[in-house]
Amino acid sequence: MSFPSINFRARSVLALGAALLVWCGAGVAQPVPAAPPATMSAAPAPAAARPAVRAPRPQLGVGAAVAPDGTLWLVALNAQGRLYLQTAPMPAGKGTTPWSAPRLLDTADDVISADGENRPKLLFGPRGTVLIAYTQVLSKPFTGHVRMLRSVDAGKTFAPPFTVHADRQVITHRFESVAFDRQGVLHTVWIDKRDQELAPRVGQKSTYRGAAIYRNTSTDGGATFGPDIKVADHSCECCRIALGLGADGVMRAMWRHVFAPNVRDHAFAVLRGDTTAPIVRATYDEWRVDACPHHGPGLAAAQEGFHAVWFGIRPQGGENVAAVRYARLEPDGTPRADTVRQIPDERAEHADVAAHGQRVAVVWRSTDGKLSTLKAWLSEDGGQTFREQVLGQTEGHNDFPRLVQNGLRMVVVWRNAVEVKVYEITF
Amino acid sequence: MKSRFKPVQLLGRRTVMVASAAMVLSAWATPLMAQSGRKNRVTLNSVLRFDETTWARLVEKGPRPAAYIFTTTYCPSCPDAFEKVMAFVMQARRPVELVVVLMDVQGKAALEHASHYVGATRLYTFEGFESAIRQSVDPKWPNVTPYIVLLGRDGGIQRSIGVPEEAALKRWLP
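Going down the list, the protein sequences come from chains V and E. Just so we're aligned, residue 162 is where the first sequence starts under our numbering, counting upward by one. Just so we're aligned, residue 85 is where the second sequence starts under our numbering, counting upward by one.
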């Protein structure tokens with residue numbers, strides 16, 4: 162049989178077979194049709210894919226505060242996602258911090274957020290009150306409840322966790338911040354999406370810009386809470402809220418806002434009683450973007466007004482310059498334009514600020530590939546001039562630095578995947 | 085002996101060739117078709133790892149043109165940005181690799197978020213220290229999402245925080 166004589170049949174079959182192979186192969190290479198997430202199963206993974214064995218990213222976010230007796234306290238999640246408490250003497254000089262053994266807290270199996278901007282907080286109040294606030298992660302994406310553990314015996318025991326806000330929808334109530342004012346009123350402020358839920362939709366998208374800032378107060382140290390009060394419409398959805406107690410003893414809040422149409426600058430509000438005050442614009446980066454910086458501000462009281470630090474992208478000299486910036490704010494939050502300056506580190510992230518008298522400390526994380534450096538910017542003239550200091554370094558996963566203050570003394574608490582380090586600020 | 089190839093003979097040479105060509109064309113065009121109408125868009129159900137070495141490899145050897153949408157689970161702006169890039173791809177009617185990279189969740193947990201990115205052709209998750217991986221993609225990328233990289237057919241790279249400007253999208257898929 163000559164080769165060409167069978168060729169029409171054979172070639173036809175071969176052609177069809179080859180075409181079928183290509184066609185089927187293409188089908189195999191495509192993802193499977195959509196199915197509800199709850200019923201999804203992983204398809205046979207390519208060689209590079211190893212979905213089943215990956216360890217989750219460690220949740221290293223901590224809350225720290227100084228107790229009335231001068232001891233440093235810390236709350237954080239362990240590797241199993243359980244909330245624990247540790248204490249240590251305030252460090253003096255350099256050296257390893259002698260943390261106590263971790264004490265697990267009963268959080269009623271809440272799934273707790275402790276990653277970056279949304280972390281547990283620790284707060285000491287009047288008459289032996291100790292409060293621990295955290296966001297309980299709920300089943301739907303972007304949803305959570307603000308929860309609290311309360312002790313009235315200086316932290317010896319804690320009552321079971323409770324939800325702080327009146328609204329109980331499965332929506333965003335996250336990124337809480339808590340603080341006592343000078344009258345002993347507890348302020349809880351959080352990001353809330355109840356207004357977004359109610360707004361008209363175009364397709365699946367809400368017409369509401371961003372989220373909202375809500376708050377409530379407690380005049381009995383967290384035993385009971387007043388109604389949920391809206392502070393402002395149109396906040397950014399995923400940045401921490403900074404609280405600062407003014408020289409007048411009244412609480413202020415600063416947060417990333419979405420000014421119309423999509424300017425992600427910062428707003429400032431005075432939190433007085435249960436009244437709603439108009440908000441003030443505190444930064445003017447004019448950063449127009451539909452994006453999520455996940456990078457909230459820091460706020461500390463000055464002798465008059467406030468010291469503020471924030472991240473933003475600002476048009477400068479024909480370029481968009483991303484930076485952490487510092488400025489002084491008036492008591493109502495209005496920025497003093499001549500005080501705005503850029504922190505001298507283009508890799509600066511998640512700065513925190515503390516102040517006492519004329520002393521101001523700004524700390525931040527600067528990551529260059531694998532190595533993260535903890536830096537400080539210190540002023541002894543109320544923020545007019547600063548000098549830079551390197552406090553420490555670490556490799557691999559690490560939390561943002563948290564400044565903790567006890568009067569004149571300031572320390573930075575910085576957790577990495579192995580330990581929690583404490584650095585004393587020396588001016 | 086009866087021919088086992090009778091159906092083929094009945095169809096005729098031209099028909100077979102046309103059918104074969106149609107199948108090959110269909111296979112080639114499937115990525116485009118998967119994105120050209122909402123009915124056909126699919127949700128991914130497998131995850132690839134993205135570490136400090138992945139980006140260089142994708143730029144050098146990965147498919148082109150491609151769009152990489154770096155996102156986080158807490159980023160409510162990210163699904164919108166994905167939709168806008170997707171809409172441009174659909175309008176351009178071009179086969180494009182449309183990749184979602186989730187930065188803050190690993191492995192199967194990422195699949196809970198895949199429904200926000202229906203129509204993506206691949207889903208990666210960061211594996212390792214986020215900042216280090218981020219800097220392997222772009223040392224000047226502040227931790228803002230969505231961060232979108234458009235990789236052109238000629239290897240040209242355009243980066244943006246948020247949705248790329250129309251001009252950038254047109255340069256990417258002229």
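Even for Gly, the Cβ is constructed at its ideal location relative to N, Cα and C. On a predicted model such as this, the values are computed, not experimentally measured, just so you know.
Under the Cβ distance rule, His558 (chain V) counts among the residues neighbouring chain E, one pair being separated by less than 7 Å.
Only those residues of the region 464 to 483 of chain V whose C-beta falls short of 8 Å from the nearest C-beta of chain E are listed: Phe472, Ile474, Ala483. If you check each beta-carbon in the region 508 to 538 of chain V against every beta-carbon of chain E, the ones closer than 9 Å belong to Arg508, Glu510, His511, Arg526, Thr528, Asp529, Gly530, Lys531, Leu532, Ser533.
Contact residues of the region 274 to 290 of chain V toward chain E are Asp276, Asn279 (C-beta to C-beta distance below 8 Å). For Arg502 (chain V), same chain residues with a beta-carbon under 7 Å away, outside a window of 5 residues either side, are Arg486, Tyr487 in chain order. For Phe336 (chain V), the enclosing beta strand (DSSP E) begins and ends at 334 to 341.
In summary, the residues of the region 226 to 256 of chain E whose CB is separated from some CB of chain V by less than 7 Å are Pro226, Asn227, Val228, Thr229, Pro230, Ile245, Gly246, Val247, in the order they occur in the chain. If the five residues before and after Ala384 (chain V) are omitted, its C-beta is found closer than 8 Å to the C-beta atoms of Arg311, all from its own chain and listed in chain order. Look at the region 361 to 391 of chain V: the residues with a C-beta under 7 Å from a C-beta of chain E are Lys366. For chain E, the residues of the region 301 to 323 of chain V that bring a beta carbon within less than 7 Å of one of its beta carbons are Pro302, Phe303, in chain order.
Val501 (chain V) carries a coil assignment under DSSP once its states are collapsed to helix, strand and coil. From the beta-carbon of Glu398 (chain V), the residues of chain E found nearer than 7 Å are Pro160.
Listed in chain order, the positions of the region 438 to 459 of chain V with a beta carbon within less than 8 Å of a beta carbon of chain E are Val450, Asp451, Ala452, Cys453, Pro454, His455, His456. For Gln175 (chain E), the enclosing alpha helix (DSSP H) begins and ends at 162 to 176.
The residues Trp538, Leu539, Ser540, in chain order, have a CB closer than 7 Å to that of Phe547 (chain V) in the same chain once the five nearest residues on each side in sequence are set aside. Distance between Leu460 (chain V) and Leu257 (chain E), taken at the CA atoms: about 45 Å. Looking from the CA of Thr304 (chain V), the closest CA among V:Glu556, V:Pro439, V:Asp328, V:Gly568 belongs to V:Asp328. Chain order gives the chain V residues near Gln219 (chain E) as Thr528, Asp529, Gly530, where near means a beta carbon separation below 8 Å.
In this structure, Val307 (chain V) keeps its C-beta atom at 7 Å or more from the C-beta atom of His348 (chain V).
Taking the C-beta atoms as reference points, Thr500 (chain V) is found no nearer than 7 Å to Arg508 (chain V). When V:Asp435, V:Cys399, V:Leu265 are compared, the shortest CA-CA separation from Met412 (chain V) is found for V:Asp435. Listed in chain order, the alpha helix (DSSP H) runs fully inside the region 333 to 393 of chain V are 355 to 359, counting runs of at least 4 residues. For Trp139 (chain E) against Val221 (chain E), the beta-carbon gap comes to about 5 Å, under 8 Å, which counts as contact. The shortest C-alpha to C-alpha distance from Leu207 (chain E) to any of E:Arg141, E:Glu214, E:Met174, E:His197 is the one to E:His197. Across the structure, Phe134 (chain E) and His200 (chain E) are spaced so that their CA atoms are roughly 19 Å apart. With contacts defined by Cβ atoms closer than 7 Å, Thr209 (chain E) and Val131 (chain E) form a contacting pair.
Inclusion of Phe319 (chain V) and Ala228 (chain V) in the CB contact set at 7 Å is not warranted, their separation being larger than that value. Contact between the region 255 to 275 of chain V and the region 369 to 377 of chain V is absent, with fewer than three C-beta pairs closer than 8 Å.
When the Cα atoms are used, Lys301 (chain V) and Gly410 (chain V) turn out to be separated by approximately 39 Å. Assigned with DSSP and collapsed to three states, Leu195 (chain E) falls in helix. The beta carbon of Asp394 (chain V) lies closer than 7 Å to those of Asp356, Ala373 in the same chain, with the five residues before and after it left out. Contact of Gln175 (chain E) with chain V is not assigned, every C-beta pair being separated by 7 Å or more.
For Phe213 (chain E), the closest Cβ of chain V is nearer than 7 Å.
Between Cys399 (chain V) and His468 (chain V), the C-beta spacing is not below 7 Å. Around the CB of Ile293 (chain V), 16 or more other CB atoms lie within 10 Å, so the residue is classed as buried. Annotation for Leu404 (chain V): the continuous beta strand (DSSP E) segment containing it runs 403 to 406.
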